[in-house]
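Enquirer:
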């Protein structure tokens, strides 16, 4: 099985972060690749950006997925998940869906932190689909668009630190900072001792491996696995 972790935007910086985070998960060398979607918006921060990315994915889908058996859409909104599922021919997973699915399997609810209030309805729609219902305990929205998070530096880390402290003071449930822009920030907070802040890439890989194990136990199982 070979997995394509596809960043559905064209940001080299985000793709590099994803590559670094995935590389820490002790996957077999040669069993995966991390790519971005050339020509897509640099950051997906609107419904228009989503539509552009989906159109490019559909146009180049066969070329992108050639030689792969599994596709993971590495976006906070799982951008392109439905498009890829409709085209078919490959197992399709979403980053956020998989994180939620893993913690559901562990019987854990999640305290979620997202960026950009204008995107909140799209996150709420994702969190409320049937397979995700009941997993998200609460949502805190930070008033920074994803494109501005990297430039915010210490300011955004201080804000996240305060929010995470408030969340840990009121609940023992894990904290999920949604999206690639939050990966390095979450790692910094864990180094400071915020153990409730999850490593979403680790959760994603654990979820993928749970399906790989099940497939190995049941070779008769067929069809596209969705998460």
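Numbering (my numbering), first residue to last: 25 to 251. By construction, the Cβ of each residue, glycine as well, lies at the ideal position given by its N, Cα and C atoms. Keep in mind that this is a model prediction, so the values were computed, not measured.
For residue 41, count neighbouring Cβ atoms within 10 angstroms of its own Cβ and tell me buried if that reaches 16, exposed if not.
Expert: So residue 41 ends up on the buried side.
Enquirer: Any idea what DSSP makes of residue 51, helix, strand or coil?
Expert: In this structure, residue 51 counts as coil in the three-state DSSP scheme.
Enquirer: Could you give the DSSP three-state label for residue 90: helix, strand or coil?
Expert: Three-state result, residue 90: coil.
Enquirer: With a 10 Å radius around its C-beta and 16 neighbouring C-beta atoms as the bar for buried, classify residue 267 as buried or exposed.
Expert: Lying before the first or after the last residue shown, residue 267 is absent from the chain, which here runs from 25 to 251.
Enquirer: Would you check if there are 3 or more beta carbon pairs closer than 8 Å linking the region 39-57 to the region 151-162?
Expert: Cβ pair count under 8 Å is below three, so no.
Enquirer: At what residues does the alpha helix (DSSP H) containing residue 193 begin and finish?
Expert: Run containing residue 193: 178-194, per the alpha helix (DSSP H) assignment.
Enquirer: For residue 115, which three-state DSSP category applies?
Expert: In the structure shown, residue 115 sits in a strand (DSSP, three-state: E or B).
Enquirer: Can you tell me whether DSSP reads residue 135 as helix, strand or coil?
Expert: In the structure shown, residue 135 sits in a strand (DSSP, three-state: E or B).
Enquirer: Would you kindly work out how many angstroms separate the C-alpha atoms of residue 25 and residue 136, rounded to a whole number?
Expert: If I take the Cα positions, the gap works out to 31 Å.
Enquirer: Spatial neighbours of residue 55 within its chain, please: C-beta separation below 8 Å, excluding the five flanking residues on both sides.
Expert: Closer than 8 Å at Cβ, skipping near neighbours: 25, 26 and 27.
Enquirer: Count the other C-beta atoms from every protein chain shown that fall within 10 angstroms of the C-beta of residue 178, then say buried if there are 16 or more, exposed otherwise.
Expert: The residue is exposed, with fewer than 16 neighbouring Cβ atoms inside 10 Å.
Enquirer: Helix, strand or coil for residue 235, going by three-state DSSP, please let me know.
Expert: If DSSP states are grouped into helix, strand and coil, residue 235 belongs with the helices.
Enquirer: Please classify residue 120: is it buried, with 16 or more other beta-carbons within 10 angstroms of its beta-carbon, or exposed?
Expert: Buried.
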